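Each remark here refers to the structure printed beneath this line.
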């Protein structure tokens, strides 16, 4: 459990935290904020798109994490650092469920990671199925799950930014939400 929290919370999110900590510097450069917004939106979109094309369970989870990092970064780019850190904290908790569940599934499948060879796991691993379902619903931003509150606020604030970079981030973020629900 500790390794899941370390992986989901600290290793991959340090860059987002550093952007949020350096926010006073970025606020002096509107161009830097636009670049951060575009990079975050593109990261979210391309990681979600690549995640759809993967068959390996660990790779899908890794690309899913990259997509969520894109949300956090474009939230920083539209000057909503607190919302970005809120999504960072939510992500740390709801990503631990799929991360640990994937380990349980891989162990039960005799170290098989190819999702095409997995099926009927709900009856074999009912508790793992329930935990994976809860984590996945929160990941896609299903209403009343923790991911919903942070993702919805990020997309709402991007939409109400009324700038080209904000609209760009909103549309790519919205498409990324759809792709996230697909994988």
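In full-length UniProt numbering, the protein residues as written are 1 to 183.
Glycine included, every Cβ here is placed at the ideal spot set by N, Cα and C.
Note that this is a predicted model, so its numbers are computed, not measured.
Boundaries of the alpha helix (DSSP H) around residue 172: 164-182. Along the length of the stretch 62-97, whole alpha helix (DSSP H) runs at least 4 residues long occupy 81-94, reported in chain order.
If you draw a 10 Å sphere on the C-beta of residue 145, you find 16 or more other C-beta atoms in it, and that means buried. Excluding five sequence positions before and after residue 141, the CB atoms of its chain that fall closer than 7 Å to its own CB belong to 147, 148, 151, 152 and 177, given in chain order.
Taken through DSSP and simplified to helix, strand or coil, residue 152 comes out as helix.
Pairing residue 36 with residue 74, the inter-Cα distance amounts to about 6 Å. When DSSP reads this structure, residue 56 sits in a beta bridge with 114. Excluding the 5 residues flanking it on each side, residue 38 has same chain C-beta neighbours closer than 7 Å at 165 and 168, in chain order. Going by C-alpha positions, residue 120 is about 34 Å away from residue 172.
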